[in-house]
Amino acid sequence: MILVTVGAQMPFDRLVLAVDAWASGADRCAEVFAQIGDEGIAPASIEWTRFLEPDEFRRRLEQTSLLVAHAGTGSIFCALEFGIPVLVMPRHAAKGETRNDHQIATARRFEALGHVHVAWDEHEVASKIDTLLSELDERPRVAPCASPELLDALSDFVAAS
Numbered sequence: 152m153i154l155v156t157v158g159a160q161m162p163f164d165r166l167v168l169a170v171d172a173w174a175s176g177a178d179r180c181a182e183v184f185a186q187i188g189d190e191g192i193a194p195a196s197i198e199w200t201r202f203l204e205p206d207e208f209r210r211r212l213e214q215t216s217l218l219v220a221h222a223g224t225g226s227i228f229c230a231l232e233f234g235i236p237v238l239v240m241p242r243h244a245a246k247g248e249t250r251n252d253h254q255i256a257t258a259r260r261f262e263a264l265g266h267v268h269v270a271w272d273e274h275e276v277a278s279k280i281d282t283l284l285s286e287l288d289e290r291p292r293v294a295p296c297a298s299p300e301l302l303d304a305l306s307d308f309v310a311a312s
């Protein structure tokens, strides 16, 4: 699941609508859930809520494979705590999305540390999500149980000991 959060203080329609546009693509099959803030524009293609209680947010993080968020430190630290890749898009003061450009500085710093991926504007969101999802698919995975070949090899090894 992809979880989108804009934080608790204000809506971030550019981010929510960019993810909504990505999700509306015909070949998209990812489950997406968004927390959009009290006054945010309701997306058409994804499930959403205005607010998530902290316990509910953490429960959803446990089911999340990618977090898409504003560049707030709370969201970033939660993703890092859960080991979830995070794509951030910073709010811009010039667009009336925040009081100053602290989120741009936060995004730059965490990107330089290798902790986040950044979409610098809404036009980059779709391609960044696609890239991150493809990287998730390419990560090595371990089966939940051993293959018959491995079990046979282990049995042979133990028997020979």
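Going by my numbering, the sequence shown opens with residue 152, and the numbers climb by one from there.
For each residue, glycine too, the CB sits at the ideal point set by N, CA and C.
- Apart from the 5 residues on each side of it in sequence, VAL237 sits with its Cβ closer than 8 Å to the Cβ of LEU217, LEU218, VAL219, ALA220, SER226, ILE227, ALA230, LEU231, HIS266, VAL267, HIS268 in its chain, given in chain order.
- Bridge partners of TRP199 according to DSSP: ALA185.
- For LEU217, DSSP records a beta bridge to ILE153.
- With a cutoff of 9 Å on beta-carbon distance, PRO205 and VAL167 are scored as not near each other.
- One thing to note: ASP281 has its Cβ within 9 Å of the Cβ of TRP173.
- For PHE163, the closest of PHE233, ASP171, GLY188, ILE255 by C-alpha to C-alpha distance is GLY188.
- Counting along the chain, the unbroken beta strand (DSSP E) around VAL239 starts and ends at 237 to 239.
- In the structure shown, HIS243 falls within a coil segment according to DSSP collapsed to helix, strand and coil.
- Here VAL269 is bridged, per DSSP, to VAL239.
- According to the DSSP assignment, PHE261 belongs to the alpha helix (DSSP H) that extends over 253 to 263.
- If you look at ASP171, you'll find it in the alpha helix (DSSP H) that goes 164 to 174.
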